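Chemist: Here it is, the structure, as structure tokens.
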Amino acid sequence: AKHKGKSAFAHFAPEMTEVSHERLQMESRMRRALELQEFELYYQPIVRTDTGNLHGVEALLRWNNPTMGMVMPDRFIPLAEETGLIIPIGEWVIEEACRAAVSWRDMAGRDIGISVNVSPRQFRDPGFTNVVMNALKRTGLSPQLLELEITERLILDNSIETAEILRQLDHAGIKLSVDDFGTGYSALSYLKSYPFDTLKIDKSFVQDLMKNPEDASLVRAIINMAHSLGLSVIAEGVEEEAQTHFLKHEGCDFSQGYFYSRPQPEADFERWLKTNHRV
Ligand code: C2E
Ligand code: CA
Ligand code: CA
Ligand code: CA
525 AKHKGKSAFA HFAPEMTEVS HERLQMESRM RRALELQEFE LYYQPIVRTD TGNLHGVEAL
585 LRWNNPTMGM VMPDRFIPLA EETGLIIPIG EWVIEEACRA AVSWRDMAGR DIGISVNVSP
645 RQFRDPGFTN VVMNALKRTG LSPQLLELEI TERLILDNSI ETAEILRQLD HAGIKLSVDD
705 FGTGYSALSY LKSYPFDTLK IDKSFVQDLM KNPEDASLVR AIINMAHSLG LSVIAEGVEE
765 EAQTHFLKHE GCDFSQGYFY SRPQPEADFE RWLKTNHRV
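Residue numbers (UniProt numbering): 525 to 803.
Here it is, written out as structure tokens:
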């Protein structure tokens, strides 16, 4: 048995080294990415479902690395979470997104809200509320125009600290939304005790809406429940016109997805903003 164990180890060792080498390399690149200005925010419109008019914008992080090319958030955010690098990166995201929203106010001739994703590690950092308040102060964005998207997973922890931070942010006038709603397998009771404004229906429910009657029922039920709790609803991942008819019929307040626009770099979004008549 001893011999077998040894050879099994010998067999796995090179792979493990390779994986951890890759991780270490990515981590050291990520450590330098902020000062090398390799991060960029893409912006995706959130529209009113009934009119198609612009409601707000979600900021989505991209990492342009000279060797790795464009790295999508699903590939680097988990490592950024583990290493704690998400804290300085997230701070940059919030300030950059606020700055962009202020600049669009002049272009569009009216206020445009900005939604920013917040990861659990970032949210639980003791400096988090200060980071948010400082970003608002430095950019001059009014708190009502900033919406923080928090995943259902984070709320699951049920801690007093989480409740307290949410309360502080709400008190400051900042909007709060539950991201990926429906994927967290959580009890729904948190919805009545926490100060959320919006539910974002995860795209996994929206994607097969027209093919799968169960998904259609779930989306309908989420919309009705949210409204009866006084929350507004955003459907994410809307790709087809048929989905927009369904969502309109069911009274879903807002929609977001490739059908309306893909996430775009700032300059492209601004062009979209200037030429779009339904702002
Ligand atoms: P999310 O918050 O659920 O964001 C929605 C994702 O769906 C985005 O992927 C967006 O590009 C994509 N999407 C939008 N419309 C459609 C559509 O019609 N069809 C399909 N199939 N996809 C659509 P992205 O940009 O790759 O971001 C992935 C995840 O990474 C986000 O999921 C979010 O959890 C996280 N993330 C992105 N930016 C940040 C950030 O600044 N901070 C943190 N902590 N997480 C971020
Ligand atoms: Ca989101
Ligand atoms: Ca509120
Ligand atoms: Ca989602």
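Glycine included, C-beta positions come from ideal geometry on N, C-alpha and C.
Values in this document were obtained by computation on a predicted structure and should not be read as measured data.
Since P602 and L585 are thought to touch, with beta carbons under 8 Å apart, how far apart are those beta carbons, to the nearest angstrom?
Modeler: As a working note, residue 602 is residue 78 in the sequence shown. As a working note, residue 585 is residue 61 in the sequence shown. In fact, because the Cβ distance is near 13 Å, the residues do not count as touching under 8 Å.
Chemist: State the Cα-Cα distance for the pair L797 and L669, rounded to the nearest angstrom.
Modeler: By 1-based counting over the sequence shown, the position of residue 797 is 273. By 1-based counting over the sequence shown, the position of residue 669 is 145. Rounded to the nearest angstrom, the two C-alpha atoms are 17 Å apart.
Chemist: Does ligand 1 have a heavy atom nearer than 8 Å to the CB of F770?
Modeler: The residue labelled residue 770 in the question sits at position 246 within the sequence shown. No, ligand 1 has no heavy atom inside 8 Å of this Cβ.
Chemist: Under the rule that 16 or more other beta-carbon atoms within 10 Å means buried, what is K699, buried or exposed?
Modeler: The sequence position of residue 699 within the sequence shown is 175, counting from 1. Its Cβ being crowded by 16 or more others within 10 Å, K699 is buried.
Chemist: Is any non-hydrogen atom of ligand 1 found closer than 8 Å to the C-beta of G633, if you look at the structure I gave you?
Modeler: The count along the sequence shown starts at 1 and reaches residue 633 at position 109. Answer for G633: no, Cβ out of range of ligand 1.
Chemist: So, for I747: in the same chain, excluding its five sequence neighbours on each side, which residues have a beta-carbon less than 7 Å away from its beta-carbon?
Modeler: Numbered from 1 along the sequence shown, position 223 holds the residue referred to as residue 747. Hits under 7 Å: V757, E774, G775, C776.
Chemist: Taking the alpha-carbon of E582 as reference, which of V730, H545, I674 has the nearest alpha-carbon?
Modeler: As a working note, residue 582 is residue 58 in the sequence shown. The residue with the shortest Cα to Cα distance from E582 is I674.
Chemist: Taking the beta carbon of P569 as the centre, do at least 16 other beta carbons fall within 10 Å, making it buried, or is it exposed?
Modeler: Residue mapping note: residue 569 aligns to position 45 of the sequence shown, counting from 1. Answer is buried; the Cβ neighbour count reaches 16.
Chemist: By how many angstroms is the C-alpha of W587 removed from the C-alpha of F563?
Modeler: Counting from one through the sequence shown, the residue named residue 563 turns up at place 39. Counting from one through the sequence shown, the residue named residue 587 turns up at place 63. Going by the C-alpha atoms only, they are around 5 Å apart.
Chemist: Output the distance between the C-alpha atoms of S683 and D635, rounded to the nearest integer angstrom.
Modeler: As a first step, residue 683 must be located in the sequence shown, where it is residue number 159. As a first step, residue 635 must be located in the sequence shown, where it is residue number 111. If I take the Cα positions, the gap works out to 34 Å.
Chemist: Where do the N-terminal and C-terminal ends of the beta strand (DSSP E) with P612 fall, by residue?
Modeler: Start at 1 with the first residue of the sequence shown, and residue 612 comes out as number 88. Where P612 is concerned, there is no enclosing beta strand (DSSP E), although the alpha helix (DSSP H) it sits in stretches over 610-632.
Chemist: Can you tell me whether G614 is buried or exposed, with buried defined as 16 or more other CB within 10 angstroms of its CB?
Modeler: Mapped onto the sequence shown, residue 614 falls at position 90. It is buried - the Cβ of G614 has at least 16 other Cβ atoms within 10 Å.
Chemist: Judging by CA-CA distance, which residue of E619, W628, C622, R645 is the nearest neighbour of I611?
Modeler: Your numbering for residue 611 matches position 87 in the sequence shown. Checking every option, the nearest Cα to that of I611 belongs to R645.
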